[in-house]
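*Asks:* With this note's numbering as the guide, the letters of the sequence shown map in order to residues 33 to 454. Glycine included, C-beta positions come from ideal geometry on N, C-alpha and C.
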Amino acid sequence: MLGPMAPEGRLSAAAASGRADWSGMQGELDRILAGGEDRAVEAVDYILAVGSRLQASDIHLEPAQERLRVRLRVEGELKEAASLPGPAAEALLNRLKVLGRLVTYRKRLPQDGRIRIRLAGSDMDLRLSFFPTIHGEKVVIRFLSSAQPLRRLDELGMSGATLASLQERLDKLQGAVLLTGPAGSGKTTTMYASLRHIDERRAGACNIMTVEDPVEHALDGVNQCQVQPAAGMGFAQALRSLLRQDPDVIMVGEIRDRETAEIAVQAGLTGHLVISTLHTPAAAGVFTRLVNLEIEPTMVASSVAAVLAQRLVRRVCPACAEEYRPERRLLERLAGFGLAKDAAFRKGRGCGRCRSTGFLGRTGIFELLLVDDDLRDLVLERAPSRKLAAELKAKGHRDLIQDGLDKVGAGLTTVEEIWRLL
Numbered sequence: 033m034l035g036p037m038a039p040e041g042r043l044s045a046a047a048a049s050g051r052a053d054w055s056g057m058q059g060e061l062d063r064i065l066a067g068g069e070d071r072a073v074e075a076v077d078y079i080l081a082v083g084s085r086l087q088a089s090d091i092h093l094e095p096a097q098e099r100l101r102v103r104l105r106v107e108g109e110l111k112e113a114a115s116l117p118g119p120a121a122e123a124l125l126n127r128l129k130v131l132g133r134l135v136t137y138r139k140r141l142p143q144d145g146r147i148r149i150r151l152a153g154s155d156m157d158l159r160l161s162f163f164p165t166i167h168g169e170k171v172v173i174r175f176l177s178s179a180q181p182l183r184r185l186d187e188l189g190m191s192g193a194t195l196a197s198l199q200e201r202l203d204k205l206q207g208a209v210l211l212t213g214p215a216g217s218g219k220t221t222t223m224y225a226s227l228r229h230i231d232e233r234r235a236g237a238c239n240i241m242t243v244e245d246p247v248e249h250a251l252d253g254v255n256q257c258q259v260q261p262a263a264g265m266g267f268a269q270a271l272r273s274l275l276r277q278d279p280d281v282i283m284v285g286e287i288r289d290r291e292t293a294e295i296a297v298q299a300g301l302t303g304h305l306v307i308s309t310l311h312t313p314a315a316a317g318v319f320t321r322l323v324n325l326e327i328e329p330t331m332v333a334s335s336v337a338a339v340l341a342q343r344l345v346r347r348v349c350p351a352c353a354e355e356y357r358p359e360r361r362l363l364e365r366l367a368g369f370g371l372a373k374d375a376a377f378r379k380g381r382g383c384g385r386c387r388s389t390g391f392l393g394r395t396g397i398f399e400l401l402l403v404d405d406d407l408r409d410l411v412l413e414r415a416p417s418r419k420l421a422a423e424l425k426a427k428g429h430r431d432l433i434q435d436g437l438d439k440v441g442a443g444l445t446t447v448e449e450i451w452r453l454l
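#1: For residue 375, tell me which candidate among 305, 442, 318, 100 has the shortest Cα-Cα distance.
#2: Touching or not, the region 354 to 365 and the region 278 to 293, by the rule of three or more beta carbon pairs under 8 Å?
#3: What span of residues does the beta strand (DSSP E) with residue 207 cover, start to end?
#4: So if DSSP puts residue 257 in a beta bridge, which residue, or which two residues, is it bridged to?
#5: Would you mind giving the Cβ-Cβ distance between residue 331 and residue 297, rounded to the nearest angstrom? I have them listed as a contact below 8 Å.
#6: For residue 395, which beta-bridge partners are listed by DSSP?
#7: Given that a residue counts as buried once 16 or more other Cβ atoms are within 10 Å of its Cβ, and exposed if not, what is residue 405?
#8: Please check the pair residue 169 and residue 116, which I expect to be a contact at CB under 8 Å, by giving their CB distance rounded to whole angstroms.
#9: Check the C-beta distance from residue 345 over to residue 453 and give it rounded, since I have them as a contact under 8 Å.
#10: Check residue 311 in the structure and name its three-state DSSP category.
#11: Under 7 Å, do residue 225 and residue 174 count as touching if we go by C-beta distance?
#12: Work out the CA separation of residue 156 and residue 120 for me, nearest whole Å.
#13: Below 8 Å on the Cβ atoms is my guess for residue 243 versus residue 254; work out the distance and round it to an integer in Å.
#14: Does the region 382 to 397 come into contact with the region 410 to 419, if we say contact requires no fewer than three beta-carbon pairs (one atom in each stretch) closer than 8 Å?
#15: Return helix, strand or coil for residue 190, following the three-state DSSP convention.
#16: Any contact between the region 128 to 142 and the region 157 to 167? By contact I mean 3 or more CB pairs, one from each, below 8 Å.
#17: What did DSSP end up calling residue 435 once you bin it into helix, strand or coil?
#18: Please identify the residue among 215, 401, 208, 227 whose C-alpha is closest to the C-alpha of residue 428.
#19: Could you check what DSSP says for residue 418 in three-state terms: helix, strand or coil?
#20: Could you say if the region 95 to 111 and the region 185 to 195 meet the contact criterion of at least three C-beta pairs nearer than 8 Å?
#21: Alpha carbon to alpha carbon, what distance is there between residue 436 and residue 306?
#22: Compare the C-alpha of residue 207 against each of 97, 112, 227, 304 and name the closest.
#23: Going by C-alpha to C-alpha distance, which of 384, 371, 145 sits closest to residue 448?
#24: So what's residue 446 in DSSP terms, helix, strand or just coil?
#25: Taking just the CA atoms, how far does residue 84 sit from residue 36?
Below, the structure is given as structure tokens:
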């Protein structure tokens, strides 16, 4: 559900303000709220403007004893930006509920909503999630990607070999290509980029259909559906109907249960390309996860064509990058993964461009697993993930950490960043 448009002028002015940054957020909110609770509209506008300007993925408004914490997740890091007096919390939360067309007096049950606002001349969709805690309602505001241009596969940070192999697999339009990684690892971006690649390669002569929760970006030439669990249409129900729509390519936002997994795997066996996500720690774990969902190993082995594991790592700021030497202990731990001890390492010193963090933007690290006959045999034997991983390693398969270390060697990120994530 989309809420009303917020006034463009006020948000644009706040976003352009030099105070719309980490350093000035506390003071500016104190100034706004000094005018009383009726200034909640301006305070909310300002918080959203700062989040947009800093390219935050999420804003957290968290109640604590006698205060409201404002935290922003920027480039994967959650950082506190301001602390507001307790009395301001209810006014701010009510304003967000009004924007999201939610029930303002409901405070003991979760609520979800959506807002469309205009920031600096661009429309932007925000997702709201209210959750009751012992100190009051916590709100998470997620910036959806509809205001950002769709990225291409070659813009995500894949190596040349990984990119070429993935594109070749997608071009066959058959089997299941499953993406895995934790929340916030860029899986949705990769799925959208894959659909864009297919649509462009086939010049639109392809019936591409999706089932998502939520639809984060409207795609030209793609038939998208958002699940409605309250109306009895979850992923499995939508997939059943979708298969009667003569699809060539099916994108399922997430495989969450046995029923959805079974339908998706069957679709991959019957001449469709299925692209979806599954939560497992590593690429090899996808097969064990599907078998644990009670999918027959014969179906898993025959249907799954490729698995792409991914993470997002912060990029070294190019404006303040300089050579440095990591701790010897860390170098020794990573030496077994192929890191050269005499390699040249770079990190950001910290500057105005990167807000003194030393990092600017993020890039992906990837592990692409193409299923061959040897791997299928192990899946049929119900081999555990560790045995699958050992087979891959024996064949010289490059995993996530090796791709990450390649990016360290190229000066794109740091060994500390790779170690932190992996």
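*Replies:* On the basis of the coordinates in this document:
#1: 442
#2: no
#3: 207 to 212
#4: 243
#5: 5 Å
#6: 345
#7: exposed
#8: Not a contact, Cβ separation roughly 14 Å.
#9: 6 Å
#10: coil
#11: no
#12: 25 Å
#13: Going by Cβ atoms, the distance from residue 243 to residue 254 rounds to 12 Å, so no, they are not a contact pair.
#14: no
#15: coil
#16: yes
#17: helix
#18: 401
#19: helix
#20: no
#21: 27 Å
#22: 304
#23: 371
#24: coil
#25: In this prediction, residue 36 has a pLDDT of 41, which is less than 50 and means its spatial position is unreliable; what the coordinates show is noted afterwards. Computed Cα separation, rounded: 18 Å.
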